[in-house]
Ligand code: IMP
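In the numbering used here, the protein residues as written are 131 to 558.
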């Protein structure tokens with residue numbers, strides 16, 4: 131397998147523990163690239179007993195000498211980014227970490243966040259449950275060719291021209307549609323110019339950086355955010371985020387042709403969670419769901435919202451395997467299942483009285499899917515000290531093997547606890 135370029139994606143509804151998996155993989159990478167999303171993500175890494183949550187920065191920022199790239203596919207909230215950089219410990223300059231921000235990444239402006247909140251409120255019962263980070267409205271402007279790109283922040287004439295157009299377009303919508311206050315040009319310009327002074331030194335051409343890294347034999351890791359089932363095209367639309375979270379998104383948002391890609395790693399939590407609204411066939415509303423939330427600390431890293439919890443869904447996982455061309459599974463949080471009692475895995479759905487093993491990505495159809503479970507024996511042992519596959523109790527090994535058999539994808543890594551070292555490494 132070509133391991134020079136690896137792509138890591140979430141295989142479920144986000145929160146699979148990608149930060150953790152990236153952290154393990156970043157050890158062997160020279161360049162780590164985020165390729166989509168923005169501050170809606172929250173990748174948690176526990177290193178040296180300390181918790182770090184990355185929202186916009188790539189999770190490789192803690193490894194000395196790495197180059198970390200914020201790709202063109204991102205939407206950046208500069209205030210969040212500034213805060214994140216300030217909170218980094220150790221400091222990037224102290225450990226020789228280079229941060230490069232693509233000049234073509236888009237900027238989340240204050241009006242995007244405002245419009246995210248206003249649109250959610252207007253949706254009423256049909257609300258998506260967004261993170262409120264302005265992600266959707268910012269991508270709308272990008273695709274409408276009305277967005278502010280990172281490069282514009284350091285180009286006063288372009289910035290002024292674009293912001294004047296923004297004001298002309300958005301103020302009638304804000305005032306007449308939502309009854310909200312109008313935007314003020316001077317305030318926006320001043321803020322954007324300040325952001326430019328902070329972001330300017332990091333700006334560069336990420337495609338050139340990645341291309342030259344490849345030519346000199348360096349190893350690249352593309353770090354996805356959110357998850358396959360939240361993908362704008364392949365997820366449970368409209369209850370999705372506004373970017374391409376699947377492996378293909380790494381090519382567009384990370385500026386590298388797909389022919390260069392090697393291993394595609396899907397991060398799979400040993401059970402399922404979801405935040406926000408939308409269908410979730412294996413959601414457990416009873417004791418098991420509650421227990422998973424508590425043992426797995428299933429509260430949003432970005433919003434603090436309690437996550438909806440349920441059983442592993444192999445129908446959805448097999449779909450994610452295909453859409454991403456997944457070669458390897460990074461299985462996380464297996465320890466959370468210790469002592470769960472009756473362990474269930476969804477192997478098919480019942481729809482219109484028939485059994486289905488193909489995942490309907492349509493939210494409308496999925497709302498009616500009834501999960502068909504297989505019960506498996508569980509284990510009570512604390513597995514957090516297991517470092518080899520053979521150290522796991524037989525029932526846990528059987529669970530992992532069952533996932534492999536059902537997906538025809540090998541499990542290359544197993545997370546057995548929250549810390550960096552709580553990992554069984556197989557082949558990743
Ligand atoms: P948005 O990305 O803020 O527009 O939110 C759209 C949907 O994606 C909502 O259901 C969010 O809860 C969900 N979402 C966005 N980012 C994440 C994430 O990093 N983890 C899990 N869910 C997310």
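Ideal Cβ positions, reconstructed from N, Cα and C, are used throughout, including at glycine.
Legend entry - For residue 465 and residue 163, the rounded distance between their alpha carbons: 29 Å
Inset, instruction - Could you check what DSSP says for residue 324 in three-state terms: helix, strand or coil? - result: helix
Legend entry - At least three beta-carbon pairs within less than 8 Å, the stretch 537 to 550 to the stretch 476 to 484: no
Legend entry - Sequence ranges, beta strand (DSSP E) only - wholly within the stretch 284 to 357, length at least 3: 350 to 353
Legend entry - Classification of residue 142 by the beta-carbon crowding that lies within 10 angstroms, buried from 16 upward: buried
Inset, instruction - Using a threshold of 8 Å, state whether the C-beta atoms of residue 214 and residue 187 are closer than that. - result: yes
Inset, instruction - With a floor of 4 residues, list each alpha helix (DSSP H) that falls wholly inside the stretch 238 to 292, ordered by position along the chain. - result: 240 to 253 and 265 to 273
Inset, instruction - Apply the 10 Å Cβ neighbour rule to residue 246 and answer buried if 16 or more other Cβ atoms are within range, or exposed otherwise. - result: buried
Inset, instruction - Reducing DSSP to helix, strand and coil, say where residue 184 ends up. - result: strand
Legend entry - Distance cut-off 7 Å: residue 566 Cβ against heavy atoms of the ligand IMP: Outside the shown range of the chain (131 to 558) lies residue 566, about which nothing can therefore be said.
Inset, instruction - Return the Cβ separation of residue 452 and residue 147 in integer angstroms, given the expectation that the two are a contact with Cβ distance under 8 Å. - result: 22 Å between Cβ atoms; not a contact.
Inset, instruction - State the DSSP-derived secondary structure class of residue 189, mapped to helix, strand or coil. - result: helix
Inset, instruction - Report yes or no: do the stretch 268 to 281 and the stretch 227 to 240 share at least 3 C-beta pairs separated by less than 8 Å? - result: yes
Legend entry - Contacting residues, own chain, Cβ-Cβ under 8 Å from residue 293 (five flanking each side not counted): 278, 315, 318, 319 and 322
Legend entry - Distance, residue 208 Cα to residue 400 Cα: 34 Å
Inset, instruction - Use the C-beta contact count for residue 417: other C-beta atoms within 10 angstroms, 16 or more gives buried, fewer gives exposed. - result: exposed
Inset, instruction - Let me know if residue 494 comes out buried or exposed under the rule of 16 or more other beta-carbons within 10 Å of its beta-carbon. - result: exposed
Inset, instruction - Taking 8 Å as the threshold, find out whether the stretch 511 to 523 comes into contact with the stretch 482 to 491 through three or more Cβ pairs. - result: no
Inset, instruction - Please confirm whether residue 454 and residue 405 have their CB atoms less than 8 Å apart. - result: no
Legend entry - Nearest to residue 206 (by Cα), restricted to the options 194, 169 and 198: 169
Inset, instruction - For the stretch 484 to 512, list the alpha helix (DSSP H) runs that are entirely contained and at least 4 residues long, ordered along the chain. - result: 493 to 496
Legend entry - Segment limits, beta strand (DSSP E) that includes residue 395: 394 to 399
Inset, instruction - Please look up how many angstroms separate the CB atoms of residue 165 and residue 203, rounded, as I've assumed it's under 8 Å. - result: 5 Å
Inset, instruction - Quick one: residues in its chain with C-beta nearer than 7 Å to the C-beta of residue 329, no 5 flanking neighbours on either side, listed in chain order? - result: 208, 231, 280 and 283
Inset, instruction - Go ahead and label residue 338 buried or exposed: buried means 16 or more other beta carbons lie within 10 angstroms of its beta carbon, across all protein chains shown. - result: exposed
Inset, instruction - Take residue 248 and list the residues in its own chain whose beta-carbon comes closer than 7 Å to its own, dropping the five residues that flank it on each side. - result: 308 and 310
Inset, instruction - Would you kindly check if the distance between the Cβ of residue 175 and the Cβ of residue 150 is under 8 Å? - result: yes
Legend entry - Option nearest residue 365 by Cα separation, candidates 296, 413, 553 and 449: 449
Legend entry - Start-end ranges of the alpha helix (DSSP H) lying completely within the stretch 437 to 469, minimum 4 residues: 444 to 454
Inset, instruction - Please confirm if residue 166 has its CB atom under 8 Å from at least one CB of chain C. - result: The question asks about chain C, but that chain is absent: this structure has only one protein chain.
Inset, instruction - With a threshold of 16 other CB atoms inside 10 Å of the CB of residue 273, please say whether the residue is buried or exposed. - result: exposed
Inset, instruction - If I'm right that residue 132 touches residue 349 with Cβ under 8 Å, what's the distance once you round it to whole angstroms? - result: The pair is not a contact, with the Cβ atoms about 10 Å apart (cut-off 8 Å).
Legend entry - Spatial neighbours of residue 435 in its chain, beta-carbon cut-off 6 Å, leaving aside the 5 residues before and after: 405
Legend entry - residue 260 versus residue 430: straight-line alpha-carbon distance, rounded: 12 Å
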